[in-house]
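Be aware that the sequence shown starts at 66, since it is given in the working numbering, and climbs by one per residue. Glycine included, every Cβ here is placed at the ideal spot set by N, Cα and C. Note that the structure is predicted; figures quoted are calculated from it, not measured.
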Amino acid sequence: MTSSATGGTGTDETGSLEPAEAAGGDPLAALELDAETEEFAQQIADQVASFLLALRAIAREADGGRAISLLLLEISQVLLAGARLGAQQDFTLHSRYQPDVGPEPDLDEMRMRLALMLDNIDTYSFVFDPYVPEVVESQLSDDLAAIATDLDTGLRHYRLGNVGEALWWWQFSYVSSWGNLAGAALNALLSVVAHDRLDVDLDLDADQVAAADAMLSDPE
């Protein structure tokens, strides 16, 4: 489903997306979404926008000791948005093809900043599907950038007035991709905090343990 609204995509100096003039929206599509769904979409859009801004700020500030706690907070909050999407009945598309929202944002600089900041704790492993227990090795910086890309796509749909498409995309990508990645990243970061605060015996090599200790003990 689609909804009509003015909006679009531009980029401010921080690289975050800003509304612009809408193009190609269906002026009658807004009638297909009730007020409750419109409000729900607005809430999800606000949470997504907040996460994207916070993630860029964390990467830009490069304060490793503070970043772990902030990433835990931001990922937890966006996972709440995902859980709310997952609890809804399946959203459906208004047409077979989604409207074009332009090229994906360039998040390479943010990803590289995160990788540099996270250093030896950037690489971690997780089980993508617990019912097919194959361990996957990944990087937190890559996964956070992938999550941001998925969320940003939905946000651009929303700001173009394609509210139904935004909800469909956020829900679909939550179930198929970013929800799992966010859960794995949250667990990895929580493991770092648990090691620091509880002195638990984690399955980390010596370099990773040293990196976690150093990062969390850095003065602000």
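Proximity to residue i [Cα-Cα], best of the options
{"i": "residue 176", "options": "108, 125, 236 and 259", "result": "125"}
{"i": "residue 143", "options": "112, 152, 100 and 135", "result": "112"}
{"i": "residue 103", "options": "228, 245 and 139", "result": "228"}
{"i": "residue 201", "options": "190, 211, 256 and 195", "result": "190"}
{"i": "residue 173", "options": "213, 138 and 155", "result": "213"}
{"i": "residue 154", "options": "119, 199 and 105", "result": "105"}
{"i": "residue 152", "options": "183, 121, 223 and 240", "result": "240"}
{"i": "residue 183", "options": "224, 148, 218 and 130", "result": "130"}
{"i": "residue 98", "options": "226, 252 and 249", "result": "226"}
{"i": "residue 218", "options": "246, 114, 185 and 251", "result": "114"}
{"i": "residue 250", "options": "199, 141, 259 and 260", "result": "141"}
{"i": "residue 187", "options": "199, 207 and 211", "result": "207"}
{"i": "residue 247", "options": "185, 100, 148 and 101", "result": "148"}
{"i": "residue 245", "options": "211, 258, 100 and 222", "result": "211"}
Residue i, DSSP secondary structure in three states
{"i": "residue 191", "result": "strand"}
{"i": "residue 143", "result": "helix"}
{"i": "residue 171", "result": "coil"}
{"i": "residue 226", "result": "coil"}
{"i": "residue 166", "result": "coil"}
{"i": "residue 153", "result": "coil"}
{"i": "residue 249", "result": "helix"}
{"i": "residue 261", "result": "helix"}
{"i": "residue 210", "result": "helix"}
{"i": "residue 127", "result": "coil"}
{"i": "residue 158", "result": "coil"}
{"i": "residue 217", "result": "helix"}
{"i": "residue 184", "result": "helix"}
{"i": "residue 111", "result": "helix"}
{"i": "residue 98", "result": "coil"}
Assumed close pair residue i, residue j - CB separation to whole angstroms, cut-off 8 angstroms
{"i": "residue 286", "j": "residue 179", "result": "Nothing in the structure corresponds to residue 286, since the chain is present only between 66 and 285."}
{"i": "residue 220", "j": "residue 110", "result": "6 angstroms"}
{"i": "residue 254", "j": "residue 133", "result": "6 angstroms"}
{"i": "residue 233", "j": "residue 216", "result": "So it is not a contact: roughly 14 angstroms between Cβ atoms."}
{"i": "residue 138", "j": "residue 123", "result": "With 8 angstroms as the limit, residue 138 and residue 123 do not qualify as a contact, their Cβ atoms being about 10 angstroms apart."}
{"i": "residue 156", "j": "residue 236", "result": "5 angstroms"}
{"i": "residue 158", "j": "residue 230", "result": "7 angstroms"}
Residue i burial status per 10 Å Cβ neighbour count (16 or more: buried)
{"i": "residue 197", "result": "exposed"}
{"i": "residue 193", "result": "exposed"}
{"i": "residue 167", "result": "exposed"}
{"i": "residue 170", "result": "buried"}
{"i": "residue 262", "result": "exposed"}
{"i": "residue 127", "result": "exposed"}
{"i": "residue 108", "result": "exposed"}
Beta-ladder partner(s) of residue i, from DSSP
{"i": "residue 200", "result": "192"}
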